[in-house]
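Undergrad: Input: one structure, supplied below.
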Amino acid sequence: MNFVKALLEQGHEVHTIAPEDDYTKLLTAVGCNHHNVYMDSRGASPLKDFALMLELTMLYKKVKPDVILHYTIKPNVYGSMAAALAGIPAINNVCGLGTVFLKEGLVSKIAKFLYKISFRFPKKVFFQNPDDLQLFLDKAIIRDDKTELLPGSGIDLNQFEPQPFKRNNTFTFLVVSRILFDKGIIEYIEAIKILKAKGVNAKFQLLGGKDPEHKRGIPLVDIDNWISQGLIDYLGKTSDVRPYLSAADCVVLPSYREGSPRSLMEAAAMSKPIVTTNVPGCNQVVVGGFNGLLCESHNPEDLADKMLQMMEFSDVSLQLMGECGRRKMELEFSDTIIVDRYTSVMKKVEHDAVAKLMVS
1 MNFVKALLEQ GHEVHTIAPE DDYTKLLTAV GCNHHNVYMD SRGASPLKDF ALMLELTMLY
61 KKVKPDVILH YTIKPNVYGS MAAALAGIPA INNVCGLGTV FLKEGLVSKI AKFLYKISFR
121 FPKKVFFQNP DDLQLFLDKA IIRDDKTELL PGSGIDLNQF EPQPFKRNNT FTFLVVSRIL
181 FDKGIIEYIE AIKILKAKGV NAKFQLLGGK DPEHKRGIPL VDIDNWISQG LIDYLGKTSD
241 VRPYLSAADC VVLPSYREGS PRSLMEAAAM SKPIVTTNVP GCNQVVVGGF NGLLCESHNP
301 EDLADKMLQM MEFSDVSLQL MGECGRRKME LEFSDTIIVD RYTSVMKKVE HDAVAKLMVS
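In full-length UniProt numbering, the protein residues as written are 1 to 360.
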């Protein structure tokens, strides 16, 4: 949102294209022109994806923007093709690779092929962690001169501010995530069982939307069982995570892979120590022993061990770890960095477009 506001303040006209949801009104309220589009984010239907590309092409030709900024997988792939068909320069942002890159197979090969075709067209592609960038280079999906590393989507450090340190009487862990398998939710539950079997007295919270229709969504019956068994305190969904982050002693995310996880950046900005997996994205936000602890992916025993270590830290150690996280966000992940980098690339795109007109 701060990036959108910065563009508007610079005098740009901003159009947003996305399926309409609860956040659309927030964009239009600040001055964006919103265009609704149908996009099946859960599936991989060739017919639907082809229809999406055509719909985006028609929208791009209708709006005639000077530059198009793409985010997330399908806009990056099909939006890039649509922008090329419409003759409009594009800048992409690889927010994360999703589970398609976690396993080799036909779907993975198709995805890499589509990326390789579509990423010929953008003027610049931002990656949110060095591992994703290197993977695309190793697979020859994109040319090095088109890439740049960006620290996530940026954090509004004025919005996510730390509160005075106070440890809860009962140590409280919090996961902020959609309830999907690849977010490591099952590992979190198994780690809780291990800790409870050891007699550990702690609160284990889960904040985030249920999504059983997602192909990686966890069935509702499983979630209900966890709640009824007293394994987790399910906090539902929220549009403001700050009160929950503030009330937690430690934030946990056992994800299998991320772009640059926003939930961890928000937690670090609020000076919360973190336990997360040593995987791309997560280990960019958290440095083990500095602002949190890193555990092995798919390993509930190691996750439980790191959570127990966190509980056993002194108040001084917890506070210092949180302060280190806040400092890291200030130096590396502030949203002002995002605005500056995008503005710089957009100016270059504009300059190149003017130079091309002069030559022609």
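Ideal placement from N, C-alpha and C gives every residue a C-beta, glycine not left out. All values reported here derive from a predicted model rather than from experimental measurement.
Using the C-alpha atoms, what's the distance from A140 back to M321?
TA: As a first step, residue 321 must be located in the sequence shown, where it is residue number 321. As a first step, residue 140 must be located in the sequence shown, where it is residue number 140. Using only the alpha carbons, I get a separation of about 39 Å.
Undergrad: Using a threshold of 8 Å, is the CB atom of Q134 nearer than that to any non-hydrogen atom of the ligand GDP?
TA: Within the structure as shown, the ligand GDP is missing, as the structure has no ligands at all.
Undergrad: Report yes or no: do three or more beta-carbon pairs, one from the stretch 81-99 and one from the stretch 114-134, lie closer than 8 Å?
TA: Judged by Cβ distances under 8 Å, the stretch 81-99 makes contact with the stretch 114-134, as three or more pairs qualify.
Undergrad: Have a look at V275, D302, F333 and A269 and flag the residue whose alpha-carbon is nearest the alpha-carbon of V241.
TA: Position 241 of the sequence shown holds residue 241. With distances taken between Cα atoms, V241 lies closest to A269.
Undergrad: With DSSP run on the structure shown, which of helix, strand or coil describes A90?
TA: As a working note, residue 90 is residue 90 in the sequence shown. DSSP places A90 in strand when its eight states are reduced to three.
Undergrad: Can you tell which of Y115, G208, P130 and I17 has the C-alpha that lies nearest to the C-alpha of I73?
TA: Numbered from 1 along the sequence shown, position 73 holds the residue referred to as residue 73. That would be Y115, whose Cα lies nearest to the Cα of I73.
Undergrad: Nearest by alpha-carbon distance to S334: which of Y244, P151, K210 and A247 is it?
TA: Numbered from 1 along the sequence shown, position 334 holds the residue referred to as residue 334. The candidate whose alpha carbon is nearest that of S334 is P151.
Undergrad: Looking at the secondary structure, which residues open and close the alpha helix (DSSP H) in which L47 lies?
TA: Within the sequence shown, numbered from 1, the residue matching residue 47 stands at position 47. Start and end: P46 to V63.
Undergrad: Any chance the stretch 53-72 sits against the stretch 21-31, with 3 or more Cβ pairs inside 8 Å?
TA: No: fewer than three Cβ pairs fall under 8 Å.
Undergrad: Please list the segments of the beta strand (DSSP E) lying wholly inside the stretch 186-212, counting only runs of 3 or more residues, in order along the chain.
TA: Runs of the beta strand (DSSP E) inside the stretch 186-212: 203-207.
Undergrad: What residue range does the alpha helix (DSSP H) around Y244 cover?
TA: Position 244 of the sequence shown holds residue 244. Residues R242 to A247.
Undergrad: Alpha carbons only, please: which of H15, E323 and H34 is nearest the one belonging to D22?
TA: If you number the sequence shown from 1, residue 22 lands on position 22. If we check each option's Cα against that of D22, H34 comes out closest.
Undergrad: Please classify M310: is it buried, with 16 or more other beta-carbons within 10 angstroms of its beta-carbon, or exposed?
TA: Locating residue 310 in the sequence shown gives position 310, counting from the first residue. With 16 or more Cβ atoms within 10 Å of its Cβ, M310 is classed as buried.
Undergrad: For the beta strand (DSSP E) that contains K124, what are its first and last residues?
TA: Working through the sequence shown from its first residue, we reach residue 124 at position 124. Element bounds for K124: K124 to F127.
Undergrad: Per DSSP, which residues does N36 bridge with? Please list them.
TA: Within the sequence shown, the letter at position 36 stands for residue 36. The partner list for N36 (beta bridge, DSSP) reads A18.
Undergrad: Taking C-beta to C-beta, are C282 and S239 nearer than 9 Å?
TA: Reading the sequence shown from its first residue, position 282 is the one you call residue 282. Reading the sequence shown from its first residue, position 239 is the one you call residue 239. Result no, Cβ atoms of C282 and S239 do not sit closer than 9 Å.
Undergrad: Along the alpha helix (DSSP H) that carries Y115, what are the first and last residues, could you check?
TA: Walking along the sequence shown from the start, residue 115 turns up at place 115. Taken as a continuous stretch (DSSP letters only), the alpha helix (DSSP H) holding Y115 covers L106 to S118.
Undergrad: Around the Cβ of Y60, are there at least 16 other Cβ atoms within 10 angstroms (buried) or fewer (exposed)?
TA: Here the question's residue 60 lines up with position 60 in the sequence shown. Flag for Y60 reads buried.
Undergrad: Using only alpha-carbon positions, find the residue among M81, I189, A191 and G208 that is nearest to I179.
TA: Taking the sequence shown and counting its residues from 1, one reaches residue 179 at position 179. Ranking the options by Cα distance to I179, first place goes to G208.
Undergrad: What number of angstroms, rounded off, separates the C-alpha of M81 from the C-alpha of S314?
TA: Reading the sequence shown from its first residue, position 81 is the one you call residue 81. Reading the sequence shown from its first residue, position 314 is the one you call residue 314. If you take the alpha carbons of M81 and S314, they lie about 54 Å apart.
Undergrad: For S228, which three-state DSSP category applies?
TA: The residue labelled residue 228 in the question sits at position 228 within the sequence shown. S228 falls in the helix class under three-state DSSP.
Undergrad: Taking DSSP as the reference, what is the three-state secondary structure of G289?
TA: Stepping through the sequence shown from its first residue, residue 289 is reached at position 289. In the structure shown, G289 sits in coil (DSSP, three-state: anything other than H, G, I, E or B).
Undergrad: Pop quiz: E330 and L157 are said to be a contact at Cβ under 8 Å. What is the actual Cβ separation, rounded to whole angstroms?
TA: Residue mapping note: residue 330 aligns to position 330 of the sequence shown, counting from 1. Residue mapping note: residue 157 aligns to position 157 of the sequence shown, counting from 1. Going by Cβ atoms, the distance from E330 to L157 rounds to 6 Å, so yes, they are a contact pair.
Undergrad: Terminal residues of the continuous alpha helix (DSSP H) containing F3?
TA: Numbered from 1 along the sequence shown, position 3 holds the residue referred to as residue 3. From DSSP, the alpha helix (DSSP H) with F3 extends over N2 to E9.
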